[in-house]
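Q: As given, the protein sequences belong to chains A and B, one line each in that order.
In terms of my numbering, the first sequence has 161 at position 161, counting the first letter as 1, and numbering is strictly consecutive.
In terms of my numbering, the second sequence has 1051 at position 51, counting the first letter as 1, and numbering is strictly consecutive.
The beta carbon of each residue, even a glycine, is placed where N, CA and C say it ideally should be.
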Amino acid sequence: MASKVIHAFYNDDDVLMHAVKKVKAAKHHIEEVYCPFPVHGLDKAMGLAPTRIAITSFMYGCVGLAVSIVMMNYIMIQDWPQDIGGKPSFSYLENMPAFVPIMFELTVFFAAHLMVITFYLRSRLWPFKEAENPDVRTTDDHFLMEIEIHNNEQELRDLLMDTGAVEINITEK
Amino acid sequence: MYTFSNRLKIASFILMAVGVLGIGIGFMAAPSTVEEAKAIVAGHGDGHGDAHAVAEGHGAEMEHGDAHDASHDEHLLHQLQNKPWAALYVAAFFFFMIALGVLAFYAIQRAAQAGWSPLLFRVMEGITAYLVPGGIVVFVILALSVAHMNHLFVWMDPEVVAHDKLLQGKAGFLNGTFFLIRAAIFLGGWILYREYSRKLSLAQDESNDDSNFKLNFRISAGFLVFYLISESMMSWDWIMSVDPHWFSTLFGWYIFASMFVSGITVIAMVTIYLKSRGYLPDVNDSHIHDLAKFMFGISIFWTYLWFSQFMLIWYSNIPEEVTYFVTRIADFNLPFFGMVAMNFLFPVLLLMNSDFKRTNWFVVMTGIVILAGHYMDIFNAIMPATVGDQWYIGIPEIGSILFFAGFFIFFVFRALTKAPLQPKRNPFIEESKHFHY
């Protein structure tokens, strides 16, 4: 499946933002934008759906909290009750204040790590993966907008030149 | 220019009038003799069998037999006499602390040269205008305590100090004269900064360079150093010293968290109110969103400090320290744990969602709960040592809240009419107008 795409390069994030808005206004579908750093508001300008990672983060936090409660109950109350500071009450609830730091830490730990892993899975990233960005300059100082061509090469070329692109390439994908 | 709407002005007068009535009833109903005190307690149908558990400040040495009963009854009398005073003091301090929290927030915005907040500076300056009347009221109450008009601070009673080695040791710091001198220095410093910074802020509007803005930045950074030290000492003096045997090293931070979150909440509420009246046209959802993020974050910060203080004392279980929490869990169970629900669970669950932080009525509703929760925080800090198990949220308490709410509204909104609500020449005003999250 060979489809032709047009690559427009920009060297400034403000110019890029304006270009994205113009291209969207002209009703073209932007495949992808490659940036050397996150550009604030770019997702909204491209019309991407809002991220749902915050919801997963909340759920992972709840899992972490549950794991810590079960874990501390097993370790400190059921399996091997210990007398620490004269508090051998053998009751989870009565010893609960001592477990709060652990409950907090595991909530944060689960939320943070599982959220990162989710992000990697969702973005199809893994160690030693070949880079997908079409041009190495997008990791340095250039921004790249990728648009698929449907027999409108010249029109797109004019539009993109108009938005302040510094270079335009056509490639097979 | 904002004009103080007549309806709001009348509402503030009504609040003050009803409040004065409530405070008056509280003072009238307070007993003047031991017999009256006993009659009040008997009339309420609850015996005072375990009232001696909270015999703070009357020393650990208990007299025996009849002498014990007599001192017991006198203690009850003092608790009931303290009730209207404590109610007045808690409410006076609570509303003063809102203005002080806003002052700290304002100084931080100035010192950080924040770009998002200049649109809200006039709102903050309006709220901090309450520092003068509110500070005077708090100072008068403290001076009346030093003058032995009430027994809020047991260390002010020479009888008690004479029988108490610990208080004798602390007398170099905890004595009436030095206490009032310190209070005057704290209040003087805060008010001085507030007035000077306000003057520079207004001068910046008319000036043609940024010199006022830069000077404001420098004095704000310097003020924050003074503020952190003075606020911490203020919390020992005005709040922690009602339990003069007890101390906590993070108390200053803990009270700071309370005043900070209450102050930010009030900034959000006043901003939303002004916006609903058609003022502050350039304030957008993102500004409210940012304030709500602060409300959310500082609520968690408050809980962190509350729990840190509690857990260390609970774990080490040293009698001198743990009495503080034993009293609160035994006699103040509902307000003590209810406050954690109001100050932590409620804001965390309601303000976690990003969209809710931009919904005005959600922010206002959560704000009301946060403010009530932090009133309870101050209530729980003052009441156990002053009224013990005779606490009740009744006419004197609610009357005091209403009075100071009216007092607060009157002075804050009167100050808002004094200058245009939008700074003209703040170098960051454009950034603030276009602030977008």
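Rounded to whole angstroms, what is the Cα-Cα separation between B:A1162 and B:Q1079?
A: 20 Å
Q: Mapping the DSSP letters down to three states, classify A:H40 as helix, strand or coil.
A: coil
Q: In this structure, how does DSSP classify B:E1159 when only helix, strand and coil are distinguished?
A: helix
Q: For A:E148, list the residues DSSP reports as bridge partners.
A: A:V5
Q: Could you give the DSSP three-state label for A:N95: helix, strand or coil?
A: Here A:N95 sits in helix by DSSP.
Q: Could you check where the alpha helix (DSSP H) with B:V1266 kicks off and where it finishes?
A: 1251 to 1276
Q: Looking at chain A, is there any beta carbon in it that lies within less than 8 Å of the beta carbon of B:F1307?
A: For B:F1307, the closest Cβ of chain A is nearer than 8 Å.
Q: Are the beta-carbon atoms belonging to A:T107 and A:G64 less than 8 Å from one another?
A: yes
Q: Please name the residue, chosen from B:F1310, B:Y1315, B:G1338, that lies closest to B:F1325 on a Cα-to-Cα basis.
A: B:F1310
Q: In chain order, what are the residue ranges of uninterrupted alpha helix (DSSP H) at least 4 long that sit wholly in the stretch 1054 to 1139 of chain B?
A: If one requires a minimum length of 4 residues, the alpha helix (DSSP H) runs lying completely within the stretch 1054 to 1139 of chain B are 1065 to 1112, 1121 to 1128, in chain order.
Q: B:W1314 touches chain A at which residues, Cβ-Cβ below 7 Å?
A: P97
Q: Of the choices B:R1277, B:I1264, B:T1327, whose alpha-carbon is the least far from that of B:V1296?
A: Checking the sequence, you will find Phe at residue 1296 of chain B rather than Val. Selected option, being the one with the closest Cα: B:I1264.
Q: Are B:T1417 and B:Y1002 closer than 8 Å when you measure CB to CB?
A: yes
Q: Put A:N128 into one of helix, strand or coil per three-state DSSP.
A: Note on identity: in this sequence residue 128 of chain A is Phe, with Asn being the wrong assignment. If DSSP states are grouped into helix, strand and coil, A:F128 belongs with coil.
Q: Checking the sheet assignment: what are the DSSP bridge partners for A:T171?
A: Answer is A:V5, bridged to A:T171.
Q: In the structure shown, what three-state DSSP assignment does A:I30 receive?
A: strand
Q: So that I know if they touch, is there some Cβ in chain B lying closer than 8 Å to that of A:G85?
A: yes
Q: Residues in the same chain with beta-carbon distance under 7 Å from B:V1137, minus the five sequence neighbours each way, listed in chain order, please.
A: A1092
Q: Would you report the Cα separation of B:L1008 and B:L1015, rounded to the nearest angstrom?
A: Computed Cα separation, rounded: 10 Å.
Q: Can you tell me whether DSSP reads A:Y10 as helix, strand or coil?
A: A:Y10: strand per DSSP, three-state reduction.
Q: Could you check where the alpha helix (DSSP H) with B:W1302 kicks off and where it finishes?
A: Where B:W1302 is concerned, the enclosing alpha helix (DSSP H) stretches over 1285 to 1316.
Q: To the nearest angstrom, how far is the alpha carbon of B:I1318 from that of B:H1151?
A: 27 Å
Q: With a cut-off of 8 Å, does the C-beta of B:N1317 fall near any C-beta of chain A?
A: yes
Q: Taking the alpha-carbon of B:R1194 as reference, which of B:P1158, B:L1131, B:I1255 has the nearest alpha-carbon?
A: B:L1131
Q: If we cut at 8 Å on Cβ distances, does A:V100 have a partner in chain B?
A: Nearest CB-CB separation between A:V100 and chain B: below the 8 Å threshold.
Q: Which residues does DSSP pair with A:F143 in a beta bridge?
A: A:Y10
Q: List the whole-angstrom C-beta distance separating B:A1268 from B:W1302, where the pair is believed to meet the contact cut-off of C-beta under 8 Å.
A: 16 Å between Cβ atoms; not a contact.
Q: How is A:D135 classed by DSSP in three states: helix, strand or coil?
A: Secondary structure of A:D135 (DSSP, three-state): coil.
Q: Using only the alpha-carbon positions, how far apart do A:N11 and B:I1313 sit?
A: 58 Å
Q: Please state the DSSP three-state secondary structure of B:Q1422.
A: coil
Q: For B:F1105, is the classification buried or exposed, using 16 other Cβ atoms within 10 angstroms of its Cβ as the cut-off for buried?
A: B:F1105 is buried by the Cβ-count criterion.
Q: Please list the partners that B:M1383 has in chain A, where partner means a Cβ-to-Cβ separation under 7 Å.
A: Result: empty, since nearest Cβ-Cβ is about 23 Å, beyond 7 Å.
Q: Can you round the beta-carbon distance between A:N152 and A:Y34 to whole angstroms, since I take them to be within the 8 Å contact cut?
A: Approximately 22 Å separates the beta-carbon atoms of A:N152 and A:Y34; this is outside 8 Å, ruling out the contact.
Q: Among B:E1035, B:L1021, B:A1129, which one has its Cα closest to the Cα of B:P1084?
A: B:L1021
Q: Tell me the DSSP secondary structure of B:T1366 in three-state form.
A: Helix at B:T1366.
Q: Which residues, taken in chain order from the stretch 1343 to 1364 of chain B, show a beta carbon closer than 9 Å to some beta carbon of chain A?
A: M1352, N1353, S1354
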